[in-house]
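Engineer: After the structure tokens below, expect a handful of questions from me.
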């Protein structure tokens, strides 16, 4: 049996769900566009450079979730999916996921975006297993705007994956082949330990690394 891991943003979707969500909230008049644009640009430059302070970013990105009840957030997310996410899921991405499932592989999305955003996207793609940033909740089940546990970012993806595998009584070596599909230099730690790393529409750093190491480079766009 094989294990097929997929990054989400700019890999299985032709965009970034963490960026599309605030765009959606701005369109609804929920976020101030100028303030958010400044902060988002600040963090995005860090992300591209591989220097993102994930905890600082999460404090910024998750704060709006604390302003709404879960039913309110779920209603917003349903509209967000229709308007911002479904239009940017490439057919090739759906087909690649389905191909792994058809041959009996265990398929997982492993992402640095939070579970509230990504859970419905994983369901839309038909993917059962998801590792994402987990969110703190209060006694009523509403989000506090804070993360909990190890963020699944850079080396944190390895930590979280190993925890998931250990809970199943497995390691990466339990699988014949382990695939990881990603677009980002930030995923080089995990890409470097699977048996079948694949660069998908990669950034310049990942493309250069993939070419130097003979990794496949593919596109799911178009």
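Residue numbers (the working numbering): 1170 to 1391.
Glycine included, every Cβ here is placed at the ideal spot set by N, Cα and C.
Please read all numbers here as calculations on a predicted model, not as lab measurements.
1) When DSSP labels each residue in this structure, what does residue 1399 get in the three-state scheme?
2) Out of 1230, 1185, 1210, 1234, which has the shortest C-alpha to C-alpha gap to residue 1307?
3) Assuming residue 1315 and residue 1303 make a contact with CB atoms under 8 Å, what is their CB distance in whole Å?
4) Residues in its own chain within less than 7 Å of residue 1177 by CB, not counting five upstream and five downstream?
5) Note down the Cα distance separating residue 1365 from residue 1309, rounded to an integer number of angstroms.
6) Should residue 1266 and residue 1275 be called a contact, given that it needs their Cβ atoms to be closer than 8 Å?
7) So, residue 1300 versus residue 1182, is the Cβ gap smaller than 8 Å?
8) In the DSSP assignment, what residue or residues form a beta bridge with residue 1366?
9) Can the beta-carbon of residue 1262 be found less than 8 Å from the beta-carbon of residue 1172?
10) Where does residue 1368 land, buried or exposed, given buried means 16+ other C-beta within 10 angstroms?
11) In chain order, what residues of the same chain lie with their CB nearer than 6 Å to the CB of residue 1374, ignoring the 5 residues before and after it?
12) When the Cα atoms are used, what is the spatial distance from residue 1213 to residue 1202?
Structural biologist: Based on what the coordinates show:
1) Within the shown structure, residues of the chain are numbered from 1170 to 1391, placing residue 1399 beyond reach of any answer.
2) Here residue 1307 is taken as the residue at index 138 of the chain shown, counted from 1. Among 1230, 1185, 1210, 1234, the Cα nearest to that of residue 1307 is on 1234.
3) To locate residue 1315, count along the chain shown from 1; it is residue 146. To locate residue 1303, count along the chain shown from 1; it is residue 134. That belief does not hold up - the Cβ atoms of residue 1315 and residue 1303 are roughly 10 Å apart, past 8 Å.
4) Mapped onto the chain shown, residue 1177 falls at position 8. So the qualifying residues of the chain are 1186, 1278, 1280, 1282, 1287, 1290.
5) Counted from its first residue, the chain shown places residue 1365 at position 196. Counted from its first residue, the chain shown places residue 1309 at position 140. Going from the Cα of residue 1365 to the Cα of residue 1309 covers about 43 Å.
6) On the chain shown, residue 1266 is found 97 positions in, with the first residue counted as 1. On the chain shown, residue 1275 is found 106 positions in, with the first residue counted as 1. Taking 8 Å as the Cβ cut-off, residue 1266 and residue 1275 do not qualify as a contacting pair.
7) To locate residue 1300, count along the chain shown from 1; it is residue 131. To locate residue 1182, count along the chain shown from 1; it is residue 13. Their beta carbons are not under 8 Å apart, which means residue 1300 does not touch residue 1182 by this criterion.
8) Against the chain shown, residue 1366 aligns to sequence position 197. In DSSP, residue 1366 forms a bridge with 1349.
9) If you number the chain shown from 1, residue 1262 lands on position 93. If you number the chain shown from 1, residue 1172 lands on position 3. Not closer than 8 Å, so no.
10) Taking the chain shown and counting its residues from 1, the one referred to as residue 1368 is at position 199. So residue 1368 ends up on the buried side.
11) Residue numbering aside, residue 1374 sits at position 205 when the chain shown is read from its first letter. So the qualifying residues of the chain are 1354.
12) Against the chain shown, residue 1213 aligns to sequence position 44. Against the chain shown, residue 1202 aligns to sequence position 33. Straight-line Cα distance between these residues: approximately 16 Å.
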